[in-house]
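Residue numbers (this note's numbering), protein chains in the order written: chain D, 1 to 236; chain P, 1 to 236. Read the structure below first, then the notes.
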DNA sequence: GTCTATATGACGATAGAC
DNA sequence: GTCTATCGTCATATAGAC
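So, in C-alpha cells, the structure goes:
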C-alpha cells in the first residue's frame, strides 16, 4: 500500500536507465569498430571507455556475439527507417522515375558511406562465427519487400517497363547501389557523399538505368505526373 | 675446389625448397581464412596444420602482417595475370564491344566469387592495422591502367562513345562489376558463377551499359570488325 | 631451419562478495 | 548492478639450444 521507496526506483525508470546504458555500450562499440575494425571489437576496450569493469557488461549482453547481434539489429533498423521514410515520401512527391530513383538511392548510398561500420557489419559479414538472428535481420527483409513494392507501383504508373518482373529490375538496381557504395568505401573511404569519385557518378548511372528500364510515358501519365519526356531515349 | 657436400645443398636448391615452404604457408593460410574469416587467421593454426611449431614460421615471415602482405600480393598478382590474359586475348578475338565487355567482366567476376578469401582481403580490408605495401598493391594499379587503355582502344575502334573520358566510362563499369561481385558474395556466397542470382544478371547489365555507352558503328568500323548493328539503340 | 621454453599479454567468460 | 578474483585459452613474438 506504500509508495515505492526512493532506494527502489519504479520498474519503468529502472528499465529506462538500463536501456540508456545499453545504448551507450552500442555507441562506444561503434566507435571502437571505426578505429580497430569490425572484427577488432573487444569487451575490455568497451568497459575501459565506459569506466567500468568487463564483467559488468554481461548484465546487458550475455555474450560478445549477442552484442554483435544488437549492433546488427540497430543498423538494420536505422537503414530501414531512413529508407521507409524516403520511399513513402518520394511515392507522393516524385515527379518522374528519375526523380524517385535518384533521391531514394542517394539516401541509401549516403547512409552506407556515412556509416561504414554498420555497412561492413550488415553487408560484408567480417566477424568469424557471427550470423545475425532472425529478429535482427527482419528489417532488412522488410526493406527489400517495400522497395520491390514501390518498383511495382512504378510499373503501374507507367514509369517503368512492365515486361520484366519488378524483382529482376530491382535486383539490377541493387547491383548499382551496392557497387557505388562498395567502390566508394573500398577506394576512397574518406570522401564524402557529395564529393566522392564514385558517389558523384550516381546521376549518370541513374540515367543509364532509366534509358534501359524506363517506359515511355503515355499521355495519361504525363497528365497525372508531369512531363517526363526528357527520359525518352534519344535517337543516335 | 671441391664440389658442394651433400649435406650442404646448392644455394638455388635451398632457395627453391624455401619458396615451396612459403607457398605451403600461403595455401594453408587461405584455407584457414575460408573457414575462420580473413581476420581469424592465426599463426598457431597454420603451424598446427603444417606439423611444425609456431616459431618456425618466423623464418619465412617476420610478422603476421608480413604474411597478410604476402597473401595480398599473391591475390593481386593472380587476378592481374588472369585479367591481363583476358584483356589481351579479347583485344584480338572480340567481334564487338558486347563480346569484349561480357567476356572480360565474366572472367573478373568469376575470379572474385570463386576466390572469396582473396576478394575480401583485396577489396574489403577486414584486417585491423593491415595496409598492403606498395609492391603488393602494384599489380592492382597495373590492372586498372591496362583496363583503361583497352577502353581507349575501344573508343578508337568506334565501339565506345568518345565524348566521355575512358576513365569515367571505366569507373562506371567497375561499379557494375564490383556490385555484382559484392551482391553475389554477400547474399548468396554458395552459388556458383554460372547459377548465381546476381552473376546471371551480367548479360542484361552488359546490354544496359552498351545501350548507354556504346557508339553507333561507322561503315568503316563494320568493315573492319564485323556487323555490330545489333548494339544500336532500339527506338521506343 | 627446427625445436623447447618462455615472455607478455589479451581475450571471453564465470563465481561469488557486496 | 557493480565489483574483485580468477579460470582457461589463445595469441604474437623472442631467446637460445641443437
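Where a beta carbon is used, it is the ideal one built from N, C-alpha and C, also for glycine.
In terms of Cα proximity to residue 103 (chain D), the closest of D:211, D:213, D:205 and D:212 is D:205. Close partners of residue 171 (chain P) in chain D (Cβ separation under 9 angstroms): 183, 197, 198 and 201. Residue state for residue 179 (chain D) is assigned as helix, using DSSP reduced to three classes. Here the alpha carbons of residue 184 (chain D) and residue 191 (chain D) stand approximately 8 angstroms from one another.
Per DSSP, the beta bridge partners of residue 214 (chain D) are D:160. With the rule of 3 Cβ pairs closer than 8 angstroms, the segment 11-31 of chain D counts as touching the segment 44-52 of chain D. If you check the CB distance, residue 38 (chain D) and residue 132 (chain D) do not come in under 8 angstroms. Within a 10 Å sphere around the beta-carbon of residue 120 (chain D) sit 16 or more other beta-carbons, which makes this residue buried.
Below the 8 angstroms Cβ cutoff, chain D contributes no neighbours of residue 107 (chain P), its closest Cβ being approximately 18 angstroms away.
Under the Cβ distance rule, residue 212 (chain P) counts among the residues neighbouring chain D, one pair being separated by less than 8 angstroms. Unbroken alpha helix (DSSP H) runs of no fewer than 4 residues, entirely contained in the segment 72-137 of chain D, are found at 97-114 and 116-123, following chain order. A Cβ-Cβ contact shorter than 8 angstroms links residue 179 (chain D) with residue 176 (chain P). Counting C-beta atoms within 10 angstroms of its own C-beta, residue 66 (chain P) has fewer than 16 neighbours from the protein chains shown and is therefore classed as exposed. Within chain D, 186 have C-beta atoms less than 7 angstroms from the C-beta of residue 123 (chain P), given in sequence order.
A contact between stretches requires three or more CB pairs, one per stretch, nearer than 8 angstroms, and the segment 134-154 of chain P meets this requirement with the segment 83-100 of chain P. The beta-carbon distance between residue 109 (chain P) and residue 181 (chain P), rounded to whole angstroms, is 5 angstroms. This is short enough to meet the 8 angstroms contact definition. Taking the Cα positions, residue 100 (chain P) is about 11 angstroms away from residue 107 (chain P). Here DSSP, grouped into helix, strand and coil, assigns residue 27 (chain P) to helix. If you check the CB distance, residue 137 (chain P) and residue 75 (chain P) do not come in under 8 angstroms.
For residue 172 (chain D), the number of other beta carbons within 10 angstroms of its own is at least 16, and it is reported as buried. The three-state secondary structure of residue 145 (chain D), taken from DSSP, is helix. At the C-beta level, residue 135 (chain D) and residue 70 (chain D) stay beyond 8 angstroms of one another. Contact with chain D is absent for residue 83 (chain P), since none of that chain's Cβ atoms lies less than 8 angstroms from the residue's Cβ. Note on geometry: alpha-carbon atoms of residue 36 (chain P) and residue 124 (chain D) lie some 14 angstroms from one another. Judged by DSSP secondary structure, residue 44 (chain D) falls within the alpha helix (DSSP H) whose first and last residues are 43-50. Below the 9 angstroms Cβ cutoff, chain P contributes 172, 208, 209, 211, 212 and 213 as neighbours of residue 208 (chain D), in chain order. In the three-state reduction of the DSSP assignment, residue 197 (chain D) falls in the coil class.
In this structure, DSSP gives residue 189 (chain D) a state outside helix and strand, which the three-state scheme calls coil. Put simply, the backbone Cα of residue 82 (chain D) is about 49 angstroms away from that of residue 57 (chain P).
Taken through DSSP and simplified to helix, strand or coil, residue 10 (chain D) comes out as coil. In the three-state reduction of the DSSP assignment, residue 37 (chain D) falls in the coil class, being assigned neither a helical nor a strand state.
Contact between residue 143 (chain P) and residue 97 (chain P) is absent: CB atoms are separated by about 20 angstroms, not below the 8 angstroms threshold.
A straight line joining the alpha-carbon of residue 162 (chain P) with that of residue 174 (chain P) spans about 18 angstroms. Here residue 105 (chain D) has 177 as same chain residues with Cβ atoms under 6 angstroms from its own Cβ, once five neighbours each way along the sequence are excluded. Taking C-beta atoms as the reference points, residue 25 (chain P) and residue 60 (chain P) count as a pair closer than 8 angstroms.
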